[in-house]
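Residue numbers (the numbering used here), protein chains in the order written: chain A, 1 to 348; chain B, 1 to 348.
To keep things clear, I will list the structure first and then write my remarks on it.
Number of protein chains: 2
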Amino acid sequence: MRFDDRKKRILSAIVETYIRTGEPVGSKTLSEFPGICVSPATVRNEMAALFEMGFLEQPHTSAGRIPSHLGYRAYIDGLMRVKPLTEDEKDGIDALFNIGDPDPDKLLADAAEALAEYTGCATVAMTTTPHYVTVEHIDIVPADESTVVLLVIASNGVVKSKVCRLGFRVNTGIADFFRKFANDRFCGHTLKDISAEFVTAVSVQLGDYSNVFNPLIVGIYELCKEVYDGQYYLGGREKLLTYNEYSDRALEIMKLISKRDELGPVIGNNPSGVTVFIGKENSLSQLMGSSLLVARFNIGENDCGTIGLIGPVRMDYSRLIPHLEYFAEKLGTLLSITYQRKTGDENG
Amino acid sequence: MRFDDRKKRILSAIVETYIRTGEPVGSKTLSEFPGICVSPATVRNEMAALFEMGFLEQPHTSAGRIPSHLGYRAYIDGLMRVKPLTEDEKDGIDALFNIGDPDPDKLLADAAEALAEYTGCATVAMTTTPHYVTVEHIDIVPADESTVVLLVIASNGVVKSKVCRLGFRVNTGIADFFRKFANDRFCGHTLKDISAEFVTAVSVQLGDYSNVFNPLIVGIYELCKEVYDGQYYLGGREKLLTYNEYSDRALEIMKLISKRDELGPVIGNNPSGVTVFIGKENSLSQLMGSSLLVARFNIGENDCGTIGLIGPVRMDYSRLIPHLEYFAEKLGTLLSITYQRKTGDENG
DNA sequence: TTTAGCACTCATCTCTTACGAGTGCCAACA
DNA sequence: TGTTGGCACTCGTAAGAGATGAGTGCTAAA
Numbered sequence: 001m002r003f004d005d006r007k008k009r010i011l012s013a014i015v016e017t018y019i020r021t022g023e024p025v026g027s028k029t030l031s032e033f034p035g036i037c038v039s040p041a042t043v044r045n046e047m048a049a050l051f052e053m054g055f056l057e058q059p060h061t062s063a064g065r066i067p068s069h070l071g072y073r074a075y076i077d078g079l080m081r082v083k084p085l086t087e088d089e090k091d092g093i094d095a096l097f098n099i100g101d102p103d104p105d106k107l108l109a110d111a112a113e114a115l116a117e118y119t120g121c122a123t124v125a126m127t128t129t130p131h132y133v134t135v136e137h138i139d140i141v142p143a144d145e146s147t148v149v150l151l152v153i154a155s156n157g158v159v160k161s162k163v164c165r166l167g168f169r170v171n172t173g174i175a176d177f178f179r180k181f182a183n184d185r186f187c188g189h190t191l192k193d194i195s196a197e198f199v200t201a202v203s204v205q206l207g208d209y210s211n212v213f214n215p216l217i218v219g220i221y222e223l224c225k226e227v228y229d230g231q232y233y234l235g236g237r238e239k240l241l242t243y244n245e246y247s248d249r250a251l252e253i254m255k256l257i258s259k260r261d262e263l264g265p266v267i268g269n270n271p272s273g274v275t276v277f278i279g280k281e282n283s284l285s286q287l288m289g290s291s292l293l294v295a296r297f298n299i300g301e302n303d304c305g306t307i308g309l310i311g312p313v314r315m316d317y318s319r320l321i322p323h324l325e326y327f328a329e330k331l332g333t334l335l336s337i338t339y340q341r342k343t344g345d346e347n348g
Numbered sequence: 001m002r003f004d005d006r007k008k009r010i011l012s013a014i015v016e017t018y019i020r021t022g023e024p025v026g027s028k029t030l031s032e033f034p035g036i037c038v039s040p041a042t043v044r045n046e047m048a049a050l051f052e053m054g055f056l057e058q059p060h061t062s063a064g065r066i067p068s069h070l071g072y073r074a075y076i077d078g079l080m081r082v083k084p085l086t087e088d089e090k091d092g093i094d095a096l097f098n099i100g101d102p103d104p105d106k107l108l109a110d111a112a113e114a115l116a117e118y119t120g121c122a123t124v125a126m127t128t129t130p131h132y133v134t135v136e137h138i139d140i141v142p143a144d145e146s147t148v149v150l151l152v153i154a155s156n157g158v159v160k161s162k163v164c165r166l167g168f169r170v171n172t173g174i175a176d177f178f179r180k181f182a183n184d185r186f187c188g189h190t191l192k193d194i195s196a197e198f199v200t201a202v203s204v205q206l207g208d209y210s211n212v213f214n215p216l217i218v219g220i221y222e223l224c225k226e227v228y229d230g231q232y233y234l235g236g237r238e239k240l241l242t243y244n245e246y247s248d249r250a251l252e253i254m255k256l257i258s259k260r261d262e263l264g265p266v267i268g269n270n271p272s273g274v275t276v277f278i279g280k281e282n283s284l285s286q287l288m289g290s291s292l293l294v295a296r297f298n299i300g301e302n303d304c305g306t307i308g309l310i311g312p313v314r315m316d317y318s319r320l321i322p323h324l325e326y327f328a329e330k331l332g333t334l335l336s337i338t339y340q341r342k343t344g345d346e347n348g
């Protein structure tokens with residue numbers, strides 16, 4: 001049985017109509033399509049063939065057909081005509097990012113929310129820190145008698161700070177001593193290296209002072225870990241409630257989305273560009289009724305994070321894929337400006 | 001018609017049974033209650049009286065009765081026997097806070113999430129900054145050639161930092177100059193005072209350098225505003241999906257909860273202790289199908305924030321009210337340790 | 001290969017009926 | 001006077017019976 005041109009046109013029409021209406025598509029509806037100028041009976045023959053080939057499913061005998069996962073896959077991989085973004089749409093996305101001097105953390109959190117609002121899907125955004133990123137500088141700023149602000153600056157430009165309340169008075173002498181000590185021990189090491197064992201070993205070197213300075217050492221460890229682990233943001237999970245696909249599964253999927261442990265690995269390991277997981281293609285059972293679109297974004301040449309879209313299998317791929325692609329690109333560009341230094345000159 | 005003891009017992013039984021089962025309560029069920037040793041017919045007479053008095057509602061003629069808002073109100077204000085927390089329950093809540101050296105921001109975010117998990121309700125946590133809080137110290141730490149970390153330390157102990165990328169090389173001389181300038185102009189002023197106009201006026205004083213340093217001045221403004229505005233955290237909105245009360249209104253209420261503009265004023269202005277808004281008592285129309293429990297938490301003597309619980313009107317008040325109370329108290333204690341300085345000695 | 005015709009399937013809607021939980025009211029009783 | 005048993009009544013809910021109609025598969029003719 002050949003997957004000929006007319007079958008392709010019919011499959012496309014079924015996918016697109018079903019995405020639009022959510023109703024199984026029948027032969028009569030299809031025969032009225034501009035691209036398909038044959039009678040309902042002929043369409044039925046073709047539909048029977050497409051069913052045999054595994055591209056269609058039938059909710060029940062007397063209903064029309066809906067696309068199977070294979071059907072969606074064939075549509076996305078070959079049949080779909082991607083709708084390139086209009087200038088207005090590009091402007092719309094650009095406007096979402098129209099903020100002066102963005103804080104990188106907030107930028108991503110806001111981006112996740114904005115993308116959800118824009119697409120009507122739930123979103124996940126995640127940053128990843130390359131293994132070669134090192135500690136570049138550690139600083140300690142006395143803020144108050146016994147309070148200091150600890151800063152860790154990583155070689156990829158990320159800065160994290162933490163307020164530490166200590167049990168003793170911190171004067172500039174103590175601060176200077178600890179600053180030098182911490183920079184000597186931590187700078188140049190990759191974030192990946194800075195494990196609990198590493199920190200214990202460093203702490204031991206403080207000898208009698210190790211107890212006193214321990215909160216600061218632990219603080220540095222926590223900050224390094226925070227930078228290395230990256231961030232995980234959610235947006236618009238409640239959007240899923242608008243689809244009746246989720247009427248009885250909304251809680252389950254909303255819970256899943258907030259679990260970084262589960263979703264992180266799935267969205268984190270993908271090639272560049274937009275990757276699509278349709279329904280049962282997902283490895284997580286809770287996601288099998290959903291589709292997941294994932295796009296990486298880069299700072300310069302370096303993979304820097306992923307942003308993902310979660311929605312019903314019946315989502316408008318031809319619109320969402322290019323939108324997500326443009327969005328991720330834009331996000332990367334903006335982050336590149338923020339972290340303009342250190343991209344590519346030390347990855348090796 | 002007297003609201004006598006038996007009527008009170010019957011109302012209590014109706015409220016408690018309805019909270020437990022979600023079904024309208026009938027006279028037969030009530031007559032079997034240990035505290036109510038009369039026949040169903042007598043109970044019916046009493047129920048008719050309670051209905052007359054406005055304490056009960058009737059979904060339809062042939063159903064049992066459910067409490068009206070007045071009924072819940074009477075129950076909560078006088079009839080309810082608050083279940084004091086067991087030691088185990090106290091330990092359970094204590095365990096939620098069992099984290100060494102908490103970051104105040106994270107503490108509250110985690111608390112909101114933990115409370116939602118613990119109570120099965122959606123939660124909102126909000127910090128408020130008293131009007132008398134001033135800027136205590138501003139610091140600028142060069143992190144990289146053209147990158148600095150800006151720190152604002154407020155008199156209530158809150159520290160916020162922000163990374164600023166500048167268009168020029170920052171050496172220690174420049175940093176020292178700006179640090180002195182900023183501290184001279186901002187320190188001692190209340191956060192409330194630091195408006196856009198104030199910042200413009202300060203900027204003007206930099207004369208020719210005002211353009212150069214503007215990102216830093218704006219950064220200080222943003223940080224001050226961030227401290228003054230406080231934080232707004234949500235937790236467990238998806239918990240509401242477990243109640244069929246929300247089966248068709250979940251989206252609406254979840255959206256509302258995320259709007260600080262709308263919910264902030266409602267939960268922010270309440271006396272100390274736990275305040276309860278039952279259904280229609282709420283000023284926001286979207287909340288009229290829900291109950292809202294709000295508790296303030298304090299640092300020392302000073303009002304510092306509020307934590308609220310949102311759930312179906314049919315919620316277990318006798319359990320949740322003391323739990324929320326204890327939780328807020330615990331939260332205040334923990335924050336007091338974090339911000340142990342400056343409480344009460346400068347409010348005036 | 002395409003198409004018209006036709007019998008068949010099956011979800012959905014509507015109408016009817018039966019059921020039962022719960023009520024209100026009344027008369028009798030302590 | 002308060003309490004109780006009895007009884008007719010209400011009304012939501014569940015179950016069953018048609019009727020409807022969208023859509024199919026198959027066959028035979030063009």
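Glycine included, every Cβ here is placed at the ideal spot set by N, Cα and C.
Which first and last residues belong to the beta strand (DSSP E) in which residue i is found?
i	result
A:T129	From DSSP, A:T129 is part of no beta strand (DSSP E); its letter is neither H nor E.
B:P312	302–312
A:R6	Counting along the chain, A:R6 falls outside any beta strand (DSSP E), though it belongs to the alpha helix (DSSP H) covering 5–21.
B:F277	274–278
Along chain A, in chain order, which residues have C-beta atoms closer than 9 Å to that of residue i?
i	result
B:S39	Per Cβ cutoff of 9 Å: no residues; B:S39 is ~43 Å from chain A at best.
Locate the alpha helix (DSSP H) running through residue i, then write down its first and last residues.
i	result
A:I116	Going by the sequence as given, residue 116 of chain A is Ala instead of Ile. Per DSSP, A:A116 belongs to the alpha helix (DSSP H) from 104–119.
B:R73	69–74
A:E87	87–96
A:A63	It is not in any alpha helix (DSSP H) - A:A63 carries neither H nor E in the DSSP assignment.
B:F51	40–52
B:T242	Per DSSP, B:T242 belongs to no alpha helix (DSSP H) and is neither H nor E.
A:S210	210–229
From the DSSP output, in three-state form, read off residue i for me.
i	result
B:G348	Here B:G348 scores only 30 on pLDDT, less than 50, and its place in the model should not be relied on; the value that follows carries that caveat. Coil at B:G348, not helix or strand.
A:G188	coil
A:P322	helix
B:G235	strand
A:S336	helix
B:L292	strand
A:R249	coil
A:T123	strand
B:E57	strand
A:R2	coil
B:V82	coil
B:F297	strand
B:V25	strand
B:A328	helix
A:D261	helix
So with CB distances below 7 Å, who are the chain A contacts of residue i?
i	result
B:S161	V149, S161
B:R165	T338
So the candidates are the options; which of them puts its Cα closest to the Cα of residue i?
i	options	result
B:F186	B:A175, B:C224, B:V163	B:C224
B:E349	B:S68, B:T86, B:K160, B:L292	Shown here, chain B extends from 1 to 348; a query on residue 349 of chain B therefore has no answer.
B:T17	B:Y317, B:H323, B:F327	B:Y317
B:V133	B:N282, B:F33, B:D229, B:S283	B:D229
B:M359	A:G264, A:I267, A:K259, A:L240	With chain B covering only 1 through 348, there is no way to say anything about residue 359 of chain B.
B:C304	B:A196, B:E325, B:T129, B:T333	B:T129
A:N183	B:C37, B:A201, B:T333, B:A143	B:A143
B:L96	B:H69, B:R73, B:R44, B:L115	B:L115
B:G279	B:S272, B:L287, B:A250	B:L287
Under 9 Å Cβ-Cβ, which residues of chain B neighbour residue i?
i	result
A:D208	The premise fails here: A:D208 is roughly 22 Å from chain B at the closest Cβ pair, so nothing lies under 9 Å.
Residue i versus chain B: which residues are under 8 Å apart at the beta carbon?
i	result
A:M254	E238, L241
A:D103	K162, V163
A:A250	E238, L241, A250
On the DSSP bridge assignment, give the partners of residue i in chain order.
i	result
A:V163	A:V149
B:A154	B:V135
B:D144	B:T147
Which chain A residues are close to residue i, counting only those with a beta carbon under 8 Å from its beta carbon?
i	result
B:H137	A143, D144
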